[in-house]
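Participant:
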Amino acid sequence: MKTTGESVDLEKRRFPRKDYLLPFNYKTHGSEFNGFMKNVSQGGAFIETSTSLDIEQEIYLDIILPVRGFSHLRGEVIRSDPSGYGVEFQAGI
2 MKTTGESVDL
12 EKRRFPRKDY
22 LLPFNYKTHG
32 SEFNGFMKNV
42 SQGGAFIETS
52 TSLDIEQEIY
62 LDIILPVRGF
72 SHLRGEVIRS
82 DPSGYGVEFQ
92 AGI
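With positions in the sequence shown counted from 1, the corresponding number in my numbering is that position plus 1.
Take a look at the structure:
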């Protein structure tokens, strides 16, 4: 589901979200940025950032996950709203 500016029906999520509330680094189009992740699940995350991202844009994230520890992840922007972007994690990096 690729949407812009509409809320996500929480009951349609495949994986439960957990509050994350930590800064992290990500890369896109050859540049590195800092962001703030509000929540994370097995399948994705919601990030707050001032960087302009496009729907379907690929990003690479460096985050510390509760179970896996430090992780390099590849994701795709699947939605946006005024406070940030929903990112779906992609297989492989």
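Glycine is no exception: its CB is placed at the ideal position from the N, C-alpha and C atoms.
(1) Can you tell me whether T29 is helix, strand or coil according to DSSP?
(2) Drop a sphere of 10 angstroms on the beta-carbon of F16, count the other beta-carbons inside from all chains shown, and report buried for 16 or more, exposed for fewer.
(3) Give the straight-line distance between the Cα atoms of F47 and N40, rounded to the nearest whole angstrom.
(4) Bridge partners of F34, per DSSP?
(5) Applying the criterion that 16 or more other CB atoms from any shown protein chain within 10 Å of the CB defines a buried residue, is L74 buried or exposed?
Facilitator: Answer, in terms of the structure:
(1) strand
(2) exposed
(3) 6 angstroms
(4) By DSSP's assignment, F34 forms a beta bridge with Y27.
(5) buried
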